[in-house]
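So the sequence lines, in the order shown, correspond to chains Y and F. Mapping of the first sequence onto the numbering used here: position 209 corresponds to residue 209, and the numbering continues sequentially without gaps. To convert, take the position in the second sequence, counting from 1, and add 1000; that gives the numbering used here. Glycine included, each C-beta is placed from N, C-alpha and C at the ideal position.
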Amino acid sequence: MSDARSPSVQVSPTPVSLAEVGQYSCGLTLVFVLASTCWVLLPYTGDLFAALVFLMAIVLAGTRWNRGPVLMMAVVSALVWDYFFIPPQFTLNIDKPQDMVMFSLFFIVALSMGHLITRLRAREAALAQHHQEREHLLELKHRTEMLAESERLHRTLLDSVAHELKTPIAIIRTALDGLGQGNPYAKEIETANRRLQRIVESFLEMTQVESEALEPQPDWCEIGDVLHAATKPNQQELAAHTLRITGTEDLPLLRLDSRLLAQVLGNLLHNATRYAPSGTDIEIHAALAGNTLELRVRDHGPGLPLGSEDQLFEKFYRAPDSPTGGTGLGLAIARGLMRAMKGDIEAHTHPEGGAEFVLHLPVKTRSAA
Amino acid sequence: MSKALIIDDEQQMRRLLRMVLESRGYEVCEAAEGQLGLQEAAFHRPDVVLLDLGLPGMNGLEVLKRLREWSDVPVLVLSVRDKETIKVEALENGADDYVTKPFGTAELLARLTVIQRRRFTRQSAEIVVGELKLDLLHHEASLDEAPLKLTPTEFALLKVLAEHAGRIVTQNQIMKQVWAGQTSDPSEGLRVHINHLRKKIGESGPRIVNEPGIGYRLEDS
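Now the structure itself:
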């Protein structure tokens, strides 16, 4: 029966299914059994009884079977009835007009049954499909709600963890200011606190990058403003180096998320100050090729360990002889942020020494003039 | 002696801020949550409010909105990093400036001083920021006594920044005051004019500092 429910059988009954073959043979058997029974009972009941029995069988078959077998049953039982029951028996001739009417009734009933069945089945199938779609939609809605809810929970949790972690750091910072600058112990606490702050922020940023909740908000900006925002949090570390910035003068206004890009550059600059010996130059070069902004950050440190150019951006990767401290997250975050902005980052050792990081970022441009 | 009201849920933070402020001669009152903060504000009539945006219960933004219904006391917002949209919302709902936790006391005190300098009162037709002078009567600007040639838009822009000298002004606030929301892509125009202004002011005058995702601040160098 399940086959009969499928819409393909309903709409185009040409491919005869196994179930339909079964129905044909069942129909034939049924007609045979009923004909034999009626034949036995004929002396007591008369030929009209046989006709009614056949009709009932057709109607019942119609409620369960397909159109073909029902029609076949109608034809066969009509012929059987005509041949064996209507006088004159054993001929296909019909004498009486009421037998004629009865004979036509067979076909009319059978045909309307077939028609009704087809319509009924089609409606059933449509209903079933509708129901299925509804369930699917409901499930989808449910799943979306669940996702939104878990996203919200995740964010609330992250917010409260962030708050819990950052508050003591902020308190230490303010308290240290109260102690005054003169105390060398206070200076050590301050350094450690800054380090702690950086670690906490890295972990929180990494979580954000990984949750894919990050949506860049591009706006027109001046590359100088981005660089300013990138250098500001690293001022202390950068004091030991000379920062040389080239290529920014000729750049037009760019449409990008300046906060995210500043964060990427900030991470790269921080890295450079950690690996390059103090007193060396750190260079930033900006260039625009078509709609792609290219930024190069180069230091004059030892360069990258051979073959680590890709591993570098993996979470928690730390180069074999890198200085102590650091989480191994800075570059992973940088790459995550660049990719969130549809850009990318790569690294290599500069032919003349030192590590060089290259950022590619698709941007909209318009002349600043 | 000015009165400061601290609204922050962290007791230790309140205690520290109280020490810092009292050492600078402030009289300090405090509240651990928003509703209480509003009551304290009504009762003590502080000269400046330090408001933590991450309050439990009634959040800082809501406190600010309620406060602004009846008071124009200068408000300094304390917030963590990565909450730029909330900062902008706070600024556009009447906060005067913000500091990002963790902050240094020097930065905090500087901000407090700036926002307590009464918001520009139009009793004088002249605004002075360091070497920069704006003559609102004649629409003329000068830098270190030398006249600055500004277009009307540049003048209007510089006026907004100078009126809020030392304080952050959000991009929307600038655009509302200078263009009254009439340009199609206002932020682009804003950047272009800021660019021109920076070039005209040069290295010697006050700097126009951008804070990504928030706005601009005119800093007297």
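What three-state label does DSSP hand residue i in the structure shown?
i, result
"Val1073 (chain F)", "coil"
"Asn1210 (chain F)", "strand"
"Trp1179 (chain F)", "coil"
"Arg1117 (chain F)", "coil"
"Lys1003 (chain F)", "strand"
"Leu256 (chain Y)", "strand"
"Ile1086 (chain F)", "helix"
"Leu268 (chain Y)", "helix"
"Leu297 (chain Y)", "The question names Leu, yet the displayed sequence has Val at residue 297 (chain Y). It is a strand residue."
"Phe84 (chain Y)", "helix"
"Arg5 (chain Y)", "The predicted position of Arg5 (chain Y) is uncertain, since its pLDDT is 45 and thus under 50; a value taken from the coordinates is nonetheless stated next. Of the three classes helix, strand and coil, the one that applies to Arg5 (chain Y) here is helix, per DSSP."
"Ser1079 (chain F)", "strand"
"Ser278 (chain Y)", "coil"
"Glu1027 (chain F)", "strand"
"Ala1156 (chain F)", "helix"
Contact defined as beta carbons within less than 8 Å: I believe residue i pairs with residue j. What is the distance between those atoms, to the nearest angstrom?
i, j, result
"Leu1078 (chain F)", "Asp1008 (chain F)", "7 Å"
"Gln23 (chain Y)", "Asn66 (chain Y)", "6 Å"
"Ala1141 (chain F)", "Lys1133 (chain F)", "7 Å"
"Asp225 (chain Y)", "Pro1212 (chain F)", "7 Å"
"Leu1137 (chain F)", "Leu1197 (chain F)", "No, Leu1137 (chain F) and Leu1197 (chain F) are not in contact; Cβ-Cβ is about 21 Å, not under 8 Å."
Residue range of the beta strand (DSSP E) that residue i falls in?
i, result
"Tyr1216 (chain F)", "Gly1215 to Glu1219"
"Ala287 (chain Y)", "Asp281 to Ala289"
"Asp1144 (chain F)", "Looking at the DSSP string, Asp1144 (chain F) is not in any beta strand (DSSP E), and its letter there is neither H nor E."
"Pro362 (chain Y)", "Ala355 to Pro362"
"Thr231 (chain Y)", "Counting along the chain, Thr231 (chain Y) falls outside any beta strand (DSSP E), though it belongs to the alpha helix (DSSP H) covering Ile223 to Thr231."
"Glu1126 (chain F)", "Glu1126 to Val1129"
Any Cβ of chain Y within less than 9 Å of the Cβ of residue i?
i, result
"Phe1103 (chain F)", "yes"
"Gly1054 (chain F)", "yes"
"Glu1228 (chain F)", "What is shown of chain F runs 1001 to 1221, which leaves residue 1228 (chain F) out entirely."
"Met1013 (chain F)", "yes"
"Met1001 (chain F)", "no"
"Arg1018 (chain F)", "no"
"Arg1213 (chain F)", "Residue identity differs from the one stated: residue 1213 (chain F) is Gly in this sequence, not Arg. Yes, Gly1213 (chain F) lies at the interface with chain Y (some Cβ there is under 9 Å from its Cβ)."
"Glu1131 (chain F)", "no"
Counting only beta-carbon atoms, is residue i nearer than 9 Å to chain F?
i, result
"Gln235 (chain Y)", "no"
"Leu253 (chain Y)", "yes"
"Lys166 (chain Y)", "yes"
"Leu153 (chain Y)", "no"
"Ala368 (chain Y)", "Reliability fails at Ala368 (chain Y), whose pLDDT of 45 lies under 50, so the model's placement of it is uncertain and the value that follows must be treated cautiously. Yes, because at least one Cβ of chain F sits closer than 9 Å to the Cβ of Ala368 (chain Y)."
"Glu135 (chain Y)", "no"
"Ser258 (chain Y)", "yes"
"Ile172 (chain Y)", "yes"
"Asp225 (chain Y)", "yes"
"His270 (chain Y)", "no"
Give the range of the alpha helix (DSSP H) segment to which residue i is assigned.
i, result
"Tyr1098 (chain F)", "Tyr1098 (chain F) -> not in any alpha helix (DSSP H); beta strand (DSSP E) instead, spanning Asp1097 to Lys1101."
"His142 (chain Y)", "Pro97 to Leu179"
"Lys187 (chain Y)", "Pro184 to Ser211"
"Thr1065 (chain F)", "Note on identity: in this sequence residue 1065 (chain F) is Lys, with Thr being the wrong assignment. Per DSSP, Lys1065 (chain F) belongs to the alpha helix (DSSP H) from Gly1060 to Arg1068."
"Trp39 (chain Y)", "Leu18 to Thr45"
"Glu237 (chain Y)", "Gln235 to Leu238"
"Ala334 (chain Y)", "Gly330 to Ala340"
"His1044 (chain F)", "Gly1034 to His1044"
Kindly examine the ligand ADP and report whether one of its heavy atoms sits closer than 8 Å to the Cβ of residue i.
i, result
"Ala110 (chain Y)", "As far as ligands go, the structure on display features none, and thus does not contain the ligand ADP."
With three or more beta-carbon pairs closer than 8 Å as the criterion, would you say the region 332-350 of chain Y touches the region 194-209 of chain Y?
A contact between stretches requires three or more CB pairs, one per stretch, nearer than 8 Å, and the region 332-350 of chain Y meets this requirement with the region 194-209 of chain Y.
Given 8 Å, three or more beta-carbon pairs between the region 286-297 of chain Y and the region 241-254 of chain Y
The region 286-297 of chain Y is in contact with the region 241-254 of chain Y.
Would the region 1056-1067 of chain F and the region 1033-1046 of chain F be scored as touching if the rule is three or more Cβ pairs under 8 Å?
These segments touch.
Should the region 292-303 of chain Y be regarded as contacting the region 1010-1029 of chain F, the criterion being three or more beta carbon pairs within less than 8 Å?
No: the two stretches stay apart, fewer than three of their Cβ pairs being nearer than 8 Å.
Does the count of Cβ pairs from the region 1082-1091 of chain F and the region 1191-1208 of chain F closer than 8 Å reach three?
Cβ pair count under 8 Å is below three, so no.
How do the region 343-361 of chain Y and the region 259-278 of chain Y stand: do at least 3 beta-carbon pairs fall below 8 Å, yes or no?
Contact check between the region 343-361 of chain Y and the region 259-278 of chain Y: three or more CB pairs, one atom from each, fall below 8 Å, which counts as touching.
State whether the region 296-310 of chain Y contacts the region 1019-1027 of chain F, with contact taken as three or more CB pairs (one from each stretch) at a distance under 8 Å.
Of all C-beta pairs linking the region 296-310 of chain Y to the region 1019-1027 of chain F, fewer than three are shorter than 8 Å, placing the two stretches out of contact.
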